[in-house]
Amino acid sequence: MINILVLGSGGREHALAWKITQSPLCNHLYVAPGNSGTATIAHNLDISVNDFQAIKASVLEHKIEMIVVGPEDPLVHGIHDVFLNDSDLKHIAVIGPQQAAAQLEGSKEFAKEFLYRHNIPTAAYQSFTANELEQGYEFLNTLNPPYVLKADGLAAGKGVLIIDTLEEAKSELKNMLVDSKFGAASTKVVIEEFLDGIELSCFVLTDGIHYKILPTAKDYKRIGEGDTGLNTGGMGAISPVPFADDILMQKIEERIVKPTVEGLKKDQLPYNGFIFIGLIVVNNEPLVIEYNVRMGDPETEAVIPRINTDLVELFLAVKNQTLDQIKLDINPQSATTVMLVSGGYPEAYEKGKEIHGITEVKEALVFHAGAKLENQSTVTSGGRVMAITAFGPDYKSALNIAYSEISKINFEGINYRTDLGFDL
Ligand code: AMP
Ligand code: GLY
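Rendered as structure tokens:
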């Protein structure tokens, strides 16, 4: 039995914490900073995910032996390396890659170079800095619309622009490179060929040698019905993806997952953790759109509940590089997750609205995200407030249950998409 710390405060971290508490291998569970949901099943620690000194102090104080890193930020900033380089901490299992490998998410150019080096299918691209603006324009001239411009660095999920006209693409390229539209993140810009296809996400857990492919998921990023309006952190997810049949999954494994894990090994990029591979399928052929070095949110809230295998056992195998010795047991049912969001989100919205009816939900899982406890009530504290996950024999029946359970929950301004799966 070990003490475990989950870093993060979203629905993803509530779902990870919920699963970890079911493990007989877990003694005390801590979440930093956590939310009102994790407070009901674990001890929340009031520590920011990037405050490595405070995390160290807490780890020693609470005799924590495993840290599960939810978001990308601490990984890209090297939390795993900080632990490995500290004699007090180096024995602790950190689930999440070291800094060098975390560049797969921290730098789009690094990811593209990795994909090319290992012959993994992806969109054609070139990258440019401010003094290569003219070359950037010339490359845009050779492409067909729409144009895909990506800030190289982390831009809180906002660094990708898809632009219809050449003129606007050139002007945005200048905004990014010269006028620092995304700050330091757009010092370099990757310009990519546009791929027209259907997206899905593949999740992999690796110990650096072996890997397990976790359930697939599809997320819904736009605020509006029919995938319209502004991008959000994610309005819902469906797992498994109905069109990800055995033939497609075999292509994904052979052409993408295997060469990714082998590429990490060849490049001497130690990796112990989740790889989230964003894919697009064009004419039945999968290509990589992006790597993330963590689980997705809200995909985690649909994917993790479908894993029957003990998550702590899986994480210990990641630490010990014995993932090949574990059999992954997946619930064949579909899981669908619907995000309840604050009115106005992803633009300005109000916080502090009391959330009613959570305990009335009996047929679905409720994962808190932007929600906190205040004077014994649960109130909204963010744009994405909570994720409701329901199961069914197929995604439609799972969605019906999710929507019927959601009708029991209310807070002022509540909003959610009612059309998940419309495109399947
Ligand atoms: P990313 O942050 O790289 O996942 O990009 C955000 C979104 O932009 C993706 O989920 C896709 O919907 C879209 N996207 C990114 N790259 C491309 C591409 N090469 N072709 C078409 N759509 C893309
Ligand atoms: N749902 C997309 C992400 O977590 O990046």
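Taken in order, the sequence shown gives residues 74 to 497; the numbers are from this note's numbering. Positions of the beta carbon are idealized from the N, C-alpha and C atoms, including for glycine. All of these numbers come straight from a predicted model, not from anything done at the bench.
- Taking a cut-off of 5 Å from the heavy atoms of ligand 1, the residues with a C-beta inside it are 196, 221, 233, 265, 267, 268, 351, 362 and 363.
- By a beta-carbon distance limit of 8 Å, residue 276 contacts residue 349. Their separation comes to about 6 Å.
- Judged by DSSP secondary structure, residue 297 falls within the beta strand (DSSP E) whose first and last residues are 295-297.
- In the DSSP annotation of this structure, the continuous segment of the alpha helix (DSSP H) that includes residue 87 starts and ends at 84-94.
- Not one heavy atom of ligand 2 sits closer than 8 Å to the Cβ of residue 313.
- Note on the stretch 291-355: whole beta strand (DSSP E) runs with a minimum of 3 residues are 295-297, 301-304, 309-312 and 346-355, in chain order.
- When the alpha-carbon of residue 226 is set against those of 371, 363, 122 and 159, the nearest one is in 363.
- Within its own chain, the residues whose Cβ lies closer than 6 Å to the Cβ of residue 267, once the five positions on either side in sequence are excluded, are 219 and 221, listed in chain order.
- In this structure, ligand 2 has a non-hydrogen atom nearer than 8 Å to the beta-carbon of residue 372.
- Between residue 123 and residue 147, the beta carbon gap of about 6 Å places them in contact (Cβ cut-off 8 Å).
- Contact check for residue 161 and residue 133: beta-carbon distance about 6 Å, within the 8 Å limit, so the pair qualifies.
- With a 10 Å radius around the Cβ and a threshold of 16 neighbouring Cβ atoms, residue 141 comes out buried.
- Within the DSSP secondary-structure output, residue 274 pairs in a beta bridge with 290 and 351.
- Nearest to residue 293 by C-alpha distance, out of 492, 376, 278 and 481, is 492.
- Going by beta carbons, residue 468 and residue 332 fall outside the 9 Å limit.
- Counting every other CB atom within 10 Å of its CB across the protein chains shown gives residue 370 a total of 16 or more, marking it as buried.
- With a cutoff of 9 Å on beta-carbon distance, residue 346 and residue 169 are scored as near each other.
- With a cutoff of 8 Å, residue 292 counts as near ligand 2, since its C-beta is closer than that to a heavy atom of the ligand.
- Taking each of 367, 485, 401 and 361 in turn and checking the Cα distance to residue 413, the smallest one comes out for 485.
- Nearest neighbour of residue 427 by Cα position, chosen from 224, 75, 263 and 449, turns out to be 449.
- Selection 306, 144 and 165 evaluated against residue 136 yields 165 as nearest (Cα-Cα).
- Residue 106 carries a strand assignment under DSSP once its states are collapsed to helix, strand and coil.
- Taking every protein chain shown into account, the CB of residue 280 has 16 or more other CB atoms within 10 angstroms, so this residue is buried.
- Checking the 8 Å criterion, the Cβ of residue 440 is out of range of every heavy atom belonging to ligand 2.
- One thing to note: residue 436 has its Cβ within 9 Å of the Cβ of residue 474.
- Contact check for residue 143 and residue 230: beta-carbon distance about 15 Å, past the 8 Å limit, so the pair fails to qualify.
- Following the DSSP letters along the chain, one finds residue 209 inside the alpha helix (DSSP H) bounded by residues 206-215.
- Between ligand 2 and residue 347, a heavy atom-to-CB distance of less than 8 Å is absent.
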